[in-house]
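> First the structure, which I've put down as structure tokens, then a few questions once you've had a look.
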Amino acid sequence: MDIEKYMIPCVNKKLFGVECLGCGAQRALLLILKGEFGAAFHMFPAIFTTILFFAVLGLHFIDKSKNYHKIIVSLAIINAVIMIISYLYKMTNF
């Protein structure tokens, strides 16, 4: 099955011609599923922190006995910083 045909297009890029902070995340996830970790990082540098964020968020909903709030907030901040830095790098160098 060719899953790339079913990917959601970036609305920001379609309307304004400029990539958004999350552009490349779907393709990076697909690359991870194919085992191409370096290419996934090159496509979207925040992919690994995003996966970790969603894993901890899932744990938060499954395991109610522990408080994951500080970890979730920290990962969200780290993820946002990586996304902003990579976006600025991409916009100034390409």
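Its first residue numbered 1, the sequence shown is counted upward by one per residue in the numbering used here.
Glycine included, C-beta positions come from ideal geometry on N, C-alpha and C.
So, are the CB atoms of P45 and I78 less than 9 Å apart?
Stepping through the sequence shown from its first residue, residue 45 is reached at position 45. Stepping through the sequence shown from its first residue, residue 78 is reached at position 78. Against a cut-off of 9 Å, the Cβ pair of I78 and P45 comes out as no contact.
> How would you write the range of the alpha helix (DSSP H) that L31 sits in, first residue to last?
As a working mapping, residue 31 is identified with position 31 in the sequence shown. Element bounds for L31: 25 to 33.
> Report the rounded CA-to-CA distance for T92 versus S65, giving the unit in angstroms.
Looking up residue 92 in the sequence shown gives position 92. Looking up residue 65 in the sequence shown gives position 65. For T92 and S65, the distance between alpha carbons rounds to 45 Å.
> What is the DSSP secondary structure of E36, reduced to helix, strand or coil?
One-based indexing of the sequence shown puts residue 36 at position 36. Coil at E36, not helix or strand.
> Please classify I3 as buried or exposed, where buried requires at least 16 neighbouring CB atoms within 10 angstroms.
Start at 1 with the first residue of the sequence shown, and residue 3 comes out as number 3. By the neighbour-count rule (16 or more Cβ atoms within 10 Å), I3 is not buried but exposed.
> Report the residue from L30, L21, H69, F37 whose alpha carbon sits nearest the alpha carbon of I85.
Mapped onto the sequence shown, residue 85 falls at position 85. Of L30, L21, H69, F37, the residue nearest in Cα terms is L21.
> Roughly how many angstroms lie between the CA atoms of V11 and F61, to the nearest whole one?
Taking the sequence shown and counting its residues from 1, one reaches residue 11 at position 11. Taking the sequence shown and counting its residues from 1, one reaches residue 61 at position 61. Cα to Cα, the separation comes out at about 30 Å.
> For I47, count neighbouring Cβ atoms within 10 angstroms of its own Cβ and tell me buried if that reaches 16, exposed if not.
Locating residue 47 in the sequence shown gives position 47, where the first residue counts as 1. I47 should be labelled buried.
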